[in-house]
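First the structure, in the form of structure tokens, and then the observations on it.
Number of protein chains: 2
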Amino acid sequence: MNNKTAARKSLPGHSRPPIAGTTIHAIVEATRTLLATQGYEALSMREVAAGAGITPPAIYRHFPNKDALIDFVVNDTLREFELHLLRAIAPLPVGSYERLLALGSAYIRVATEHEAQFKILFTRIRNRPRKLADFPGQWGYQVLRQCVVEAIDAGILREMDPDLASFFFWSRVHGIVMLLLACDFSDTLPPEIGDLTAENLFAATRDFVVSGLKAGP
Amino acid sequence: MNNKTAARKSLPGHSRPPIAGTTIHAIVEATRTLLATQGYEALSMREVAAGAGITPPAIYRHFPNKDALIDFVVNDTLREFELHLLRAIAPLPVGSYERLLALGSAYIRVATEHEAQFKILFTRIRNRPRKLADFPGQWGYQVLRQCVVEAIDAGILREMDPDLASFFFWSRVHGIVMLLLACDFSDTLPPEIGDLTAENLFAATRDFVVSGLKAGP
DNA sequence: AACTTATAGTTAACATCGTTAACACTCGGG
DNA sequence: CCCGAGTGTTAACGATGTTAACTATAAGTT
Chain X
6 MNNKTAARKS
16 LPGHSRPPIA
26 GTTIHAIVEA
36 TRTLLATQGY
46 EALSMREVAA
56 GAGITPPAIY
66 RHFPNKDALI
76 DFVVNDTLRE
86 FELHLLRAIA
96 PLPVGSYERL
106 LALGSAYIRV
116 ATEHEAQFKI
126 LFTRIRNRPR
136 KLADFPGQWG
146 YQVLRQCVVE
156 AIDAGILREM
166 DPDLASFFFW
176 SRVHGIVMLL
186 LACDFSDTLP
196 PEIGDLTAEN
206 LFAATRDFVV
216 SGLKAGP
Chain V
6 MNNKTAARKS
16 LPGHSRPPIA
26 GTTIHAIVEA
36 TRTLLATQGY
46 EALSMREVAA
56 GAGITPPAIY
66 RHFPNKDALI
76 DFVVNDTLRE
86 FELHLLRAIA
96 PLPVGSYERL
106 LALGSAYIRV
116 ATEHEAQFKI
126 LFTRIRNRPR
136 KLADFPGQWG
146 YQVLRQCVVE
156 AIDAGILREM
166 DPDLASFFFW
176 SRVHGIVMLL
186 LACDFSDTLP
196 PEIGDLTAEN
206 LFAATRDFVV
216 SGLKAGP
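These protein sequence lines are chains X and V, in that order.
For the first sequence, this note's numbering begins at 6 and goes up steadily by one.
For the second sequence, this note's numbering begins at 6 and goes up steadily by one.
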């Protein structure tokens with residue numbers, strides 16, 4: 006009857022959890038799950054608490070407020086994101102065009118898998134745009150830039166400013182993902198593209214970027 | 006003392022307003038203003054009501070709920086948006102490259118001026134992506150497509166599927182705008198670009214799209 | 001001109017949300 | 001053995017979107 010865990014569930018006022026960091030982990034995990042299943046607008050501290058097996062005010066022992074909790078979760082995903090990018094290019098030859106394609110695909114994959122967290126980056130208005138350097142792992146920018154530099158050096162890409170080119174690549178993939186999150190093109194685009202996934206549209210417009218759009222000479 | 010407008014402000018239970026549609030207009034205008042000044046997350050029905058000179062429940066005589074009110078305002082902006090596009094290309098020659106550039110600039114201008122409303126299109130999670138046809142004025146798509154077709158016919162752009170090309174143009178501009186809303190590149194991109202506005206970055210990366218990125222033959 | 005009714009306001013209240021205050025249990029270290 | 005830090009609890013506050021119940025006016029009907 007006086008089972009410890011039962012006491013931990015039912016009595017007011019608890020001890021520290023058996024393993025340090027357990028509760029924080031549960032809170033973060035519950036937040037992640039709720040973001041993925043119900044989205045940002047539906048995320049409430051009470052649901053997070055329920056998911057973590059505690060009461061709402063207990064969250065505030067670990068995070069100063071809701072924003073900080075969400076920031077933590079999103080930053081965590083951004084850190085993983087850089088690892089995804091690195092893993093995507095690892096097996097491919099340095100300086101290759103394939104590396105750039107792989108980065109685009111990895112970006113699309115993570116963005117669509119973590120749609121809610123991805124949207125949060127653009128939703129939070131209170132803070133003017135964050136400096137790129139303030140994003141964990143610089144949001145993968147250095148990985149992209151490195152691949153661009155190597156591709157230019159290898160003669161795969163023409164000579165150009167690597168930062169400007171990196172921005173260009175990034176904004177291109179980003180635009181496809183964001184546009185598809187808002188708008189359904191299924192009755193608009195030609196059926197031979199197949200499913201209108203970001204991945205497919207990235208592939209279908211690839212040659213536009215490689216060869217350019219101006220009419221040939 | 007028994008002034009009518011004074012009575013209208015102080016007594017419980019009012020008549021219809023002197024001119025039909027006046028209150029709706031006041032509500033919409035208050036919403037628009039608050040969105041622009043304080044953003045989406047800070048928008049409350051009570052503030053809207055105060056801005057419109059009524060009490061909160063009165064809003065519900067004209068809009069079923071907050072979402073519908075915001076939808077109305079955003080859709081209104083989208084309708085104006087198409088007019089902006091048409092006005093931007095009107096003075097330029099049919100089939101010209103300049104028309105495509107003007108569309109990009111107009112998109113950027115409206116998106117940055119109505120940042121909050123623009124974000125809303127991507128934030129509202131509850132509704133899966135809306136069909137393009139459901140956006141007022143198809144979000145300007147037909148205007149863009151028309152210009153793309155004319156540019157292809159004029160031999161300015163190479164032969165390609167006009168819908169795919171339109172999607173490509175759109176996603177490109179859209180990506181620049183959205184990326185800059187989230188991230189500040191000021192310590193990253195080369196200073197010769199000038200202010201890191203979407204407009205400037207659109208211009209700076211223009212040649213990448215026109216001529217392509219592959220190393221020249 | 002008087003009565004009726006739809007319209008468009010009001011006040012009061014509800015549930016839910018993020019958050020804080022006050023309190024309580026438990027563990028580790030003096 | 002106590003005691004303070006850590007971590008949980010319950011109760012409550014103010015703000016939010018929204019509804020219920022009521023009311024005054026304007027327009028339409030007889």
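Each residue gets a CB set at the ideal place from its N, CA and C atoms; glycine is no exception.
From the beta carbon of residue i, is the nearest beta carbon of chain X less than 7 Å away?
i, result
"Cys286/V", "Not covered by the structure: residue 286/V. The range shown for chain V is 6 to 222."
"Phe213/V", "yes"
"Arg84/V", "no"
"Ala31/V", "no"
"Gly142/V", "no"
"Gly109/V", "no"
"Ala116/V", "no"
"Phe167/V", "The question names Phe, but residue 167/V in the sequence shown is Pro. No, Pro167/V does not count as interfacial toward chain X."
"Leu40/V", "no"
"Phe190/V", "yes"
Within 7 Å of any Cβ in chain V, is that where the Cβ of residue i sits?
i, result
"His179/X", "yes"
"Met50/X", "no"
"Gly217/X", "yes"
"Leu90/X", "no"
"Phe123/X", "no"
"Asp72/X", "no"
"Phe207/X", "no"
"Pro134/X", "yes"
"Ala57/X", "no"
"Arg104/X", "no"
"Thr128/X", "yes"
"Ser101/X", "no"
"Leu186/X", "yes"
"Phe173/X", "yes"
By Cβ distance below 7 Å, which residues in the same chain neighbour residue i in space, the five residues on each side in sequence not counted?
i, result
"Ser191/V", "Leu201"
"Leu39/X", "Leu48, Glu52, Val53 and Gly56"
"Glu197/V", "none"
"Lys71/X", "Met50"
"Ala107/X", "Ala93, Ile94 and Leu97"
"Asn7/X", "Because the pLDDT of Asn7/X is 34, which lies under 50, any placement of that residue in the model is unreliable, and the number read from its coordinates should be weighed accordingly. Excluding positions up to five away in sequence, the list is empty."
"Asp149/X", "Per the sequence shown, the amino acid found at residue 149/X is Leu instead of Asp. Same-chain partners within the cutoff: Leu108, Ser171, Phe174 and Trp175."
"Gly142/V", "Leu83, Arg84, Phe86 and Glu87"
Using a 10 Å radius around the Cβ and a threshold of 16 neighbouring Cβ atoms, would you call residue i buried or exposed?
i, result
"Leu88/X", "exposed"
"Ala41/X", "exposed"
"Gly26/X", "exposed"
"Ile125/V", "buried"
"Ala170/V", "buried"
"Val215/V", "exposed"
"Thr193/V", "buried"
"Gly160/X", "exposed"
"Ala73/V", "exposed"
"Thr36/X", "buried"
"Gly180/V", "buried"
"Thr60/V", "exposed"
"Ala209/X", "buried"
"Lys14/X", "Because Lys14/X sits at a pLDDT of 45, beneath the cut-off of 50, its placement in the model cannot be relied upon, and the following sentence gives the value as read from the coordinates. By the 10 Å Cβ count, Lys14/X comes out exposed."
"Ala111/X", "buried"
Excluding the 5 residues flanking residue i on each side, which residues of the same chain have their C-beta closer than 8 Å to its C-beta?
i, result
"Ala156/V", "Gly100, Ser101, Tyr102, Arg104, Leu105 and Leu162"
"Thr128/V", "Tyr45"
"Val154/X", "Pro167"
"Asn205/V", "Ile198 and Gly199"
"Leu137/V", "Gln143, Trp144 and Tyr146"
Pull up the CB-CB distance for residue i and residue j, whole angstroms please, since I reckon it's below 8 Å.
i, j, result
"Ile64/V", "Met50/V", "6 Å"
"Trp144/V", "Leu83/V", "6 Å"
"His67/V", "Ile24/V", "Actually they are not in contact, since the Cβ atoms of His67/V and Ile24/V sit about 14 Å apart, beyond 8 Å."
"Asp189/V", "Arg135/X", "6 Å"
"Gly221/X", "Gly217/V", "Going by Cβ atoms, the distance from Gly221/X to Gly217/V rounds to 11 Å, so no, they are not a contact pair."
DSSP has residue i in a bridge; who is on the other side?
i, result
"Cys188/V", "Arg135/X"
"Leu91/X", "None; Leu91/X has no bridge partner."
"Lys219/X", "Leu162/V"
For residue i, collect the residues of the same chain with a Cβ closer than 6 Å to its Cβ; drop the 5 residues on either side in sequence, then sort them by chain order.
i, result
"Ala116/X", "Phe123 and Val182"
"Ala12/V", "In this predicted model, Ala12/V has a pLDDT of only 33, less than 50, meaning its place in the structure is not dependable enough to derive any value."
"Gly109/X", "Val178 and Phe207"
"His119/X", "Thr82"
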